[in-house]
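Trainee:
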Amino acid sequence: MPYLLNVIYLLILIIFSPWLLYKALTTGKYRRGLWTKFTGRVPTPVARPQTITVWFHGVSVGEIHLLRQVVAGYRRRHPDHACVVSTSTDTGFDEAGKAFPDLPVIFWPFDFTWAVHRALARVRPDLVVLAEGEIWPNFIRAARRLDIRMAVINGRMSPRSARRHGKLSWLLRGTFGRIDACAVQTEEYAAGFRNAGAPRIVVTGNVKYDGACADRDNPRTRGLRDLLGVRPGELVWVAGSTQDPEEEIVLGIYRRALEKHANLRLVLVPRHKERFDPVADLLERSGLPYLRRSRLTSPTRHPATPSLPVLLLDTFGELSAAWGLADVAFVGGSLDGKRGGQNMIEPAAYGAAVTFGPSTWNFKDTVARLLQKQAAIQVPDAAGLEWETLRLLADAAARGALGQAARKFVTDQQGATERTLEMLDALCWVQKLSSRDKKARATAG
4 MPYLLNVIYL LILIIFSPWL LYKALTTGKY RRGLWTKFTG RVPTPVARPQ
54 TITVWFHGVS VGEIHLLRQV VAGYRRRHPD HACVVSTSTD TGFDEAGKAF
104 PDLPVIFWPF DFTWAVHRAL ARVRPDLVVL AEGEIWPNFI RAARRLDIRM
154 AVINGRMSPR SARRHGKLSW LLRGTFGRID ACAVQTEEYA AGFRNAGAPR
204 IVVTGNVKYD GACADRDNPR TRGLRDLLGV RPGELVWVAG STQDPEEEIV
254 LGIYRRALEK HANLRLVLVP RHKERFDPVA DLLERSGLPY LRRSRLTSPT
304 RHPATPSLPV LLLDTFGELS AAWGLADVAF VGGSLDGKRG GQNMIEPAAY
354 GAAVTFGPST WNFKDTVARL LQKQAAIQVP DAAGLEWETL RLLADAAARG
404 ALGQAARKFV TDQQGATERT LEMLDALCWV QKLSSRDKKA RATAG
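Residues 4 to 448 in my numbering are what the sequence shown lists, from first letter to last.
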């Protein structure tokens with residue numbers, strides 16, 4: 004089966020190679036770390052002797068963010084253990100470098116047998132921790148043969164993923180059964196993992212609630228507020244993690260909102276960096292004054308006019324701080340029916356009046372609970388977004404009530420990190436016993 008997977012992976016690479024080459028040449032994506040991923044020749048971490056080595060993996064920026072508090076908590080509990088962090092994307096790699104400046108950061112290998120074997124031989128982990136469920140059969144099979152413990156944390160399995168796993172059960176047979184423990188967000192996700200064959204499942208809640216900041220006066224948000232020259236009394240609408248065509252929809256609503264709210268500022272944050280320039284072109288054509296965050300080096304001051312500049316946040320790692328500016332927040336990736344929404348926990352924690360579209364299956368449980376608590380508003384389409392945004396901008400009491408309910412909801416959910424760390428502690432204890440047993444047998448022999 005491992006070699007069959009190699010063949011399948013190679014066929015997929017060959018089929019998509021023209022598209023991948025085009026993207027690499029036009030956007031710069033998929034170039035970085037390519038040889039490392041394909042061969043598994045990751046840099047060898049400087050591991051301390053006589054200690055446990057734990058390999059934490061987050062696919063991209065979102066998973067790296069949730070790993071911050073997990074890794075920090077783990078290191079407080081186990082200061083003698085060595086930790087390594089990996090990711091799959093360029094943006095994830097950059098973010099991991101910022102989040103873990105004193106830890107080795109590497110690229111995750113492609114799931115070819117030669118790549119995973121070499122990567123495991125170089126890192127030599129005792130425990131591999133996968134954030135949210137990056138399940139690769141050859142890697143997991145190789146780790147199990149080396150008696151390396153495997154854990155999934157903050158696991159989720161959307162209905163779409165569950166159906167996909169069902170269709171590929173002949174190919175993935177036994178993969179989930181090789182995972183030692185899965186810490187999942189909800190009972191519904193637990194059922195998905197159970198049906199896939201995972202043997203030990205613990206419902207811990209969502210770690211992302213623990214990492215959400217509720218302090219609007221935190222240094223990063225305060226610095227962004229000063230940089231933009233946001234004055235007391237100005238309203239701020241943040242549209243974050245937006246996708247095409249959401250930016251155009253938001254700009255149309257903003258233009259009409261300015262007719263009634265001259266003190267309204269818009270912060271626009273595209274989800275992917277390849278959209279930064281197209282959105283800048285869109286702003287240029289709109290005739291609205293705007294600023295690109297990447298070109299701001301000192302605080303800006305603007306006269307009190309109906310034409311305060313839109314901010315295009317074309318940098319990475321600042322969206323969480325930007326949510327702290329929001330009176331009203333629109334969470335993108337939710338209007339086109341294709342992407343399943345983005346994380347609405349951060350703006351909710353700040354007490355913003357949160358809105359999002361109908362496509363939110365990636366955060367199904369969070370959305371259901373927010374709506375149940377009357378702590379967010381889900382709109383059916385672009386017209387609904389406009390109606391609700393204008394209503395909230397005009398009604399301070401409604402904004403405040405929605406935001407207060409959202410902040411309370413998030414703080415009430417916190418504690419998943421501690422439960423996750425308890426599960427990892429148990430795995431480390433088992434691994435220590437296993438290591439001692441192997442050493443004893445080797446000595447006796």
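For every residue, glycine included, the Cβ atom is placed at its ideal position computed from N, Cα and C.
For Thr189, collect the residues of the same chain with a Cβ closer than 7 Å to its Cβ; drop the 5 residues on either side in sequence, then sort them by chain order.
Mentor: Val206 and Asp368
Trainee: Flag this pair as touching only if the region 414-427 and the region 73-89 have three or more C-beta atom pairs under 8 Å; answer yes or no.
Mentor: yes
Trainee: On the criterion of 16 or more Cβ atoms from any shown chain inside 10 Å, does Gln375 qualify as buried, or is it exposed?
Mentor: exposed
Trainee: Output the distance between the C-alpha atoms of Gly236 and Asn221, rounded to the nearest integer angstrom.
Mentor: If I take the Cα positions, the gap works out to 19 Å.
Trainee: According to DSSP, Ile60 sits in a beta bridge with which residue or residues?
Mentor: The sequence shown places His at residue 60, not Ile. His60 pairs with Ser89 and Leu133.
Trainee: Let me confirm a value: Ser20 is counted as buried when at least 16 other C-beta atoms fall within 10 Å, else exposed. Which label applies?
Mentor: exposed
Trainee: From Pro350 to Gly200, what distance separates their C-alpha atoms?
Mentor: Just so you know, the alpha carbons of Pro350 and Gly200 end up roughly 35 Å apart.
Trainee: In the DSSP assignment, what residue or residues form a beta bridge with Cys185?
Mentor: Val155 and Ile204
Trainee: Can you tell me where the beta strand (DSSP E) holding Asp110 begins and where it ends?
Mentor: Here the sequence assigns Phe to residue 110, which means Asp is not the residue at that position. Per DSSP, Phe110 belongs to the beta strand (DSSP E) from Val108 to Phe110.
Trainee: Check for me: the alpha helix (DSSP H) holding Arg148 runs from which residue to which?
Mentor: Pro140 to Arg148
Trainee: So the beta strand (DSSP E) Pro273 belongs to, where does it begin and stop?
Mentor: Judged by DSSP secondary structure, Pro273 falls within the beta strand (DSSP E) whose first and last residues are Leu267 to Pro273.
Trainee: Comparing C-alpha positions only, which one of Gly343, Val331 and Phe366 sits nearest to Asp398?
Mentor: Val331
Trainee: Between Gly354 and Gly406, is the Cβ-Cβ spacing less than 9 Å?
Mentor: A contact, by the Cβ cut-off of 9 Å.
Trainee: Quick one: measure Cβ to Cβ for Gly343 and Ser244, integer angstroms, because I've assumed they're closer than 8 Å.
Mentor: 11 Å between Cβ atoms; not a contact.
Trainee: Just the Cα atoms here: how many angstroms apart are Ala145 and Asp83?
Mentor: 26 Å
Trainee: At what residues does the alpha helix (DSSP H) containing Leu8 begin and finish?
Mentor: Pro5 to Thr30
Trainee: First and last residue of the alpha helix (DSSP H) that includes Thr358?
Mentor: Counting along the chain, Thr358 falls outside any alpha helix (DSSP H), though it belongs to the beta strand (DSSP E) covering Ala356 to Phe359.
Trainee: According to DSSP, Leu294 sits in a beta bridge with which residue or residues?
Mentor: Leu314
Trainee: For Ala242, which residues does DSSP report across the bridge?
Mentor: Leu271 and Phe333
Trainee: Could you give the first and the last residue of the continuous alpha helix (DSSP H) run that contains Thr369?
Mentor: Lys367 to Gln375
Trainee: Give me the Cα-Cα distance between Pro309 and Leu261, rounded to the nearest whole angstrom.
Mentor: Note that Pro309 scores 47 on pLDDT, short of 50, meaning its location in the model is unreliable; the coordinates nonetheless yield the value given after this. For Pro309 and Leu261, the distance between alpha carbons rounds to 7 Å.
Trainee: For Leu430, which residues in the same chain have their Cβ closer than 7 Å to its Cβ, ignoring the five residues on either side in sequence?
Mentor: Counting only Cβ-Cβ distances below 7 Å, and skipping sequence neighbours, we find Leu130, Arg152, Ala154, Asp183 and Ala184.
Trainee: Grab me the residues of Glu391's own chain with a C-beta within less than 6 Å of its C-beta, minus the 5 sequence neighbours each way, in chain order.
Mentor: Thr358, Ile380 and Val382
Trainee: Buried or exposed: Leu7, going by 16 or more other Cβ atoms within 10 Å of its Cβ?
Mentor: Its Cβ having fewer than 16 others within 10 Å, Leu7 is exposed.
Trainee: Considering only residues of the same chain and omitting the five flanking positions on each side of Ala27, which have a CB-CB separation below 7 Å?
Mentor: Tyr33 and Arg34
Trainee: Kindly indicate which residue of Pro281, Val233 and Arg228 has the alpha-carbon position closest to the one of Glu249.
Mentor: Per the Cα distances, Pro281.
Trainee: Roughly how many whole angstroms lie between the Cα atoms of Asp150 and Pro162?
Mentor: Take the alpha-carbon of Asp150 and the one of Pro162: they are about 31 Å apart.
Trainee: Assign Asp229 to buried or exposed, taking buried as 16 or more other Cβ atoms, counted over all protein chains shown, within 10 Å of its Cβ.
Mentor: exposed
Trainee: Return helix, strand or coil for Gln417, following the three-state DSSP convention.
Mentor: Coil, per DSSP.
Trainee: Considering only the alpha carbon of each residue, which of Leu322, Val108 and Gly36 lies closest to Ile348?
Mentor: Leu322
Trainee: Is it the case that the Cβ atoms of Gly95 and Ile67 are separated by a distance below 9 Å?
Mentor: yes
Trainee: Between Gly214 and Leu69, is the Cβ-Cβ spacing less than 9 Å?
Mentor: yes
Trainee: Tell me whether Gln345 sits in a helix, a strand or coil according to DSSP, three-state version.
Mentor: coil
Trainee: With C-beta atoms as the reference, is Asn209 less than 9 Å away from Gln416?
Mentor: yes
Trainee: Just to confirm before moving on: does the CB-CB distance between Ala324 and Arg223 stay below 9 Å?
Mentor: yes
Trainee: Within 10 angstroms of the Cβ of Val87, are there 16 or more other Cβ atoms? Answer buried if so, exposed if not.
Mentor: buried
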